[in-house]
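Student: Okay, here's the structure, questions in a sec.
In this note's numbering, the protein residues as written are 924 to 1060.
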């Protein structure tokens, strides 16, 4: 006589269809959430650069108030007016703290081939970001 044992009708794992449905739902959630997360990162970089620009402009004006002249090179002459190191630009092609010095009263011209991230006019004390998209800040 044969000894036949009944198999349990309980399932012990997930079926392939259940796994595919779960992965599909996770993919949809990721596709919806990812752009919002990346927009926040971009907004944070923009806000950081705006704040750095405001700090630099304030420090330049404070230097002018004390010395009666704008600094010749803000990256070199502003250590007493800035807390910490010279801020770096978080946006644009060259994210660094290099300053391209300009002279004269003409408007600062954006040079996208330059490695500098800040444009500074030592005659007018104007400082800008070396990126055409952010020139109005």
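Think of the CB as a built atom: it goes at the ideal place given N, C-alpha and C, for glycine as much as any other residue.
Near residue 1052, which residues of its chain fall below 8 Å by C-beta distance, leaving aside the five closest residues on each side in sequence?
Tutor: Cβ within range, chain order: 972, 976, 1012, 1014, 1015, 1040, 1041, 1042, 1058, 1060.
Student: From what residue to what residue does the beta strand (DSSP E) around residue 1021 run?
Tutor: That residue, residue 1021, is in no beta strand (DSSP E); it is neither H nor E in DSSP.
Student: Rounding to the nearest angstrom, what Cα-Cα distance links residue 1019 and residue 989 in this structure?
Tutor: C-alpha separation (whole angstroms): 28 Å.
Student: For residue 952, which three-state DSSP category applies?
Tutor: Three-state DSSP puts residue 952 in a helix.
Student: Alpha carbons only, please: which of 1022, 1045, 953 is nearest the one belonging to residue 1054?
Tutor: Out of 1022, 1045, 953, 1022 has the C-alpha closest to the C-alpha of residue 1054.
Student: Classify residue 1008: buried if its beta carbon has 16 or more other beta carbons within 10 angstroms, exposed otherwise.
Tutor: Exposed: under 16 other Cβ atoms inside 10 Å.
Student: How is residue 1042 classed by DSSP in three states: helix, strand or coil?
Tutor: Three-state DSSP puts residue 1042 in a strand.
Student: Which residue's Cα is closest to the Cα of residue 998: 1045, 947, 948?
Tutor: Comparing Cα-Cα distances from residue 998 to each of 1045, 947, 948, the minimum goes to 1045.
Student: According to the neighbour-count rule (16 or more other Cβ atoms, all chains shown, within 10 Å of its Cβ), is residue 967 buried or exposed?
Tutor: The residue in question, residue 967, is exposed, as its Cβ has fewer than 16 Cβ neighbours within 10 Å.
Student: CA-CA distance, residue 995 and residue 947?
Tutor: One C-alpha to the other measures close to 59 Å.
Student: Give the range of the alpha helix (DSSP H) segment to which residue 998 is assigned.
Tutor: From DSSP, the alpha helix (DSSP H) with residue 998 extends over 997 to 1000.
Student: Can residue 1033 and residue 1010 be called in contact, C-beta distance under 9 Å?
Tutor: Cβ atoms of residue 1033 and residue 1010: not closer than 9 Å.
Student: How big is the Cα-Cα spacing for residue 960 and residue 951?
Tutor: Those two C-alpha atoms are separated by around 15 Å.
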